[in-house]
Amino acid sequence: MDILIVDDNINNLRLLSAILEEKGYQVRKVTNSKFALKTVALAPPDLILLDINMPEFDGYEVCRYLKAGDRTQDIPIIFLSAFSQPQQKREAFQVGGVDYITKPLQVEEVLARVKHQQMLYQYKLECQQANREAHLLRTIAIARARQPDRQSFAKVALASVCQTLHWDVGEIWAVRGTFLAIEDATYSSQNHLMEFVRQSRTRTFELHRDVPASIWKCNQPEWVGDLDKARTIPFFRSSTAIRAGLTSALAVPICFEQELWGILLLYCQAQQNLARCEIDGLEAVAACLSSFWVRARP
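Okay, so the sequence shown: first residue is 10 according to the numbering used here, each after it adds one.
Here's what the structure looks like:
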């Protein structure tokens, strides 16, 4: 979780950052309101700890400004203040604050209130992910009913996965005897990814030699958070992918009644921690693909 602390008191900044960094939070620090607004505009944090009593713009004004912006209105703000009177707290909530911590700061209180916001933040991310997955499955269900053939459906499904779940490259590989050959591919608009996909179209892989056994033997997804650590697995083409700016990959088997029909292979440029629920959603997509393939089989 990325936290921005805004306080003109250097001692408070040091204390708060030490408390939070010790617990593994990513912390940024600024000492005045103007720089705080510039910092948030460049890279919005996940949470702001905002002192009220500052020169130029006080914390209330900063909060009002952020709540008026489309990109910043949903950032939770915890106010920091030496004032404990009801009117100060009331105004803090009226301008859009989510919590209020009274100085002098107590370590346990700070951690508890930040932890609460972290839980809400995580819940928000999970809800957003669930909504994306639901939208994706609806799109694929409609495409399944409308597309006339396997190739058309694969193209629509792959594009929907990459656009909705923010993958940079998507490929569908089909089993051809003991080999894998590419069925379709899509990529985001960056030109340097075009060459990676072009090379993919010329490749085949021996299923039992070039692909992790977890996929072809156990029908389990294979997540590679760092492609540099998967250079010994030919199917992931780590060296070529890294040169194209890709850092992570996920391979999801496309199976029907325990038989492997193909693999959905996805790449992204940003390293990320993939949640189990995201993999579950992609397995549902793979199941839709497999059922269409079975239906379309001559």
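Heads up, the beta-carbon is just placed ideally off N, CA and C, and yes, glycines get one too.
Just verifying my parser: in three-state terms, what is the DSSP assignment at residue 38? Here residue 38 refers to the residue found at position 29 when the sequence shown is read from its first residue. In the structure shown, residue 38 sits in a strand (DSSP, three-state: E or B).
Using 8 angstroms as the threshold, is the C-beta distance between residue 215 and residue 194 below it? As a working note, residue 215 is residue 206 in the sequence shown. As a working note, residue 194 is residue 185 in the sequence shown. No; because the gap between Cβ atoms is not below 8 angstroms, this pair is not in contact.
Range covered by the beta strand (DSSP E) that runs through residue 60: Here residue 60 refers to the residue found at position 51 when the sequence shown is read from its first residue. 56-60 is the span of the beta strand (DSSP E), which, as asked, contains residue 60.
C-alpha distance - residue 303 paired with residue 270, whole-angstrom precision: Taking the sequence shown and counting its residues from 1, the one referred to as residue 303 is at position 294. Taking the sequence shown and counting its residues from 1, the one referred to as residue 270 is at position 261. Roughly 9 angstroms between the two C-alpha positions.
Would you be able to state if there are at least three C-beta pairs under 8 angstroms between the region 257-264 and the region 162-170? no
Are the Cβ atoms of residue 87 and residue 72 separated by less than 8 angstroms? Locating residue 87 in the sequence shown gives position 78, counting from the first residue. Locating residue 72 in the sequence shown gives position 63, counting from the first residue. Against a cut-off of 8 angstroms, the Cβ pair of residue 72 and residue 87 comes out as no contact.
Going by C-alpha to C-alpha distance, which of 138, 74, 158 sits closest to residue 290? In the sequence shown, the residue the question calls residue 290 occupies position 281. Checking every option, the nearest Cα to that of residue 290 belongs to 138.
For residue 197, which residues from the same chain have a beta carbon less than 6 angstroms from its beta carbon, with the 5 sequence-adjacent residues on both sides left out? Here residue 197 refers to the residue found at position 188 of the sequence shown. Closer than 6 angstroms at the Cβ level, and outside the excluded window around residue 197, lie 177.
Identity of the residue in 245, 97, 295, 123 nearest residue 145 by Cα: Residue numbering aside, residue 145 sits at position 136 when the sequence shown is read from its first letter. Nearest in C-alpha terms to residue 145, of all of 245, 97, 295, 123, is 295.
Straight-line Cα distance separating residue 14 from residue 29: The residue you call residue 29 lines up with position 20 of the sequence shown. The residue you call residue 14 lines up with position 5 of the sequence shown. For residue 29 and residue 14, the distance between alpha carbons rounds to 10 angstroms.
Tell me, which residues are paired with residue 23 by DSSP? Walking along the sequence shown from the start, residue 23 turns up at place 14. For residue 23, which the question treats as bridged, DSSP gives no partner whatsoever.
Looking at the secondary structure, which residues open and close the alpha helix (DSSP H) in which residue 102 lies? As a position in the sequence shown, residue 102 is number 93, starting the count at 1. Note, residue 102: alpha helix (DSSP H), 95-103.
Residue 300 to residue 265 span [Cα, whole Å]: Here residue 300 refers to the residue found at position 291 when the sequence shown is read from its first residue. Here residue 265 refers to the residue found at position 256 when the sequence shown is read from its first residue. So the two alpha carbons sit approximately 7 angstroms from each other.
Residue range of the beta strand (DSSP E) that includes residue 92: For the purposes of this step, residue 92 is identified with residue 83 of the sequence shown, where counting begins at 1. No beta strand (DSSP E) holds residue 92; DSSP gives it neither H nor E.
Residue from 98, 283, 143, 107 whose Cα sits closest to the Cα of residue 1: Residue 1 lies beyond the range of the chain shown here (10 to 307); nothing can be said about it.
Give the single residue among 174, 185, 74, 47 whose Cα lies nearest to the Cα of residue 105. In the sequence shown, residue 105 corresponds to position 96, counting from 1. With distances taken between Cα atoms, residue 105 lies closest to 74.
Looking only at its chain, what residues have a beta carbon closer than 7 angstroms to the beta carbon of residue 162, apart from the 5 residues adjacent to it on each side? Here the question's residue 162 lines up with position 153 in the sequence shown. Around residue 162: 152, 153, 156, 301.
What's the gap between the Cα of residue 212 and the Cα of residue 235? On the sequence shown, residue 212 is found 203 positions in, with the first residue counted as 1. On the sequence shown, residue 235 is found 226 positions in, with the first residue counted as 1. Approximately 22 angstroms between the Cα atoms of the pair.
Simplified DSSP assignment, three categories, for residue 243: In the sequence shown, the residue the question calls residue 243 occupies position 234. In this structure, residue 243 counts as helix in the three-state DSSP scheme.
Meets three-Cβ-pair contact criterion under 8 angstroms: the region 89-105 and the region 248-256: no
For residue 54, which residues of its own chain have a beta-carbon under 7 angstroms away from its beta-carbon, when the five flanking residues on both sides are left out? Translated into the one-based positions of the sequence shown, residue 54 becomes position 45. Close CB contacts of residue 54 within its chain, under the 7 angstroms cut and outside five residues either way in sequence, are with 11, 12, 13, 37, 84 (chain order).
Which residue's Cα is closest to the Cα of residue 80: 92, 52, 95, 59? If you number the sequence shown from 1, residue 80 lands on position 71. Of the candidates 92, 52, 95, 59, the one whose C-alpha sits nearest the C-alpha of residue 80 is 52.
With residue 182 as the anchor, note down where its beta strand (DSSP E) starts and where it stops. Residue 182 sits at position 173 when you count from the first residue of the sequence shown. Here the beta strand (DSSP E) through residue 182 covers 178-185.
Simplified DSSP state of residue 223, which is helix, strand or coil: Along the sequence shown, one-based indexing puts residue 223 at 214. Helix.
One question on the structure: do residue 58 and residue 24 come within less than 8 angstroms of each other, judged by their Cβ atoms? Working through the sequence shown from its first residue, we reach residue 58 at position 49. Working through the sequence shown from its first residue, we reach residue 24 at position 15. No, these two residues do not count as a Cβ contact at 8 angstroms.
Reference residue 183; option with closest CA among 202, 225, 174, 149: Translated into positions along the sequence shown, residue 183 becomes position 174. Selected option, being the one with the closest Cα: 225.
Proximity to residue 190 [Cα-Cα], best of 205, 175, 209: Here residue 190 refers to the residue found at position 181 of the sequence shown. If we check each option's Cα against that of residue 190, 209 comes out closest.
By the three-class DSSP mapping on this structure, what secondary structure does residue 197 have? For the purposes of this step, residue 197 is taken as the residue at position 188 of the sequence shown. In the structure shown, residue 197 sits in coil (DSSP, three-state: anything other than H, G, I, E or B).
Segments assigned beta strand (DSSP E), at least 3 residues, entirely inside the region 242-301: 257-265, 268-277
Cβ neighbour criterion (16 or more within 10 Å) applied to residue 68: By one-based count along the sequence shown, residue 68 stands at place 59. So residue 68 ends up on the buried side.
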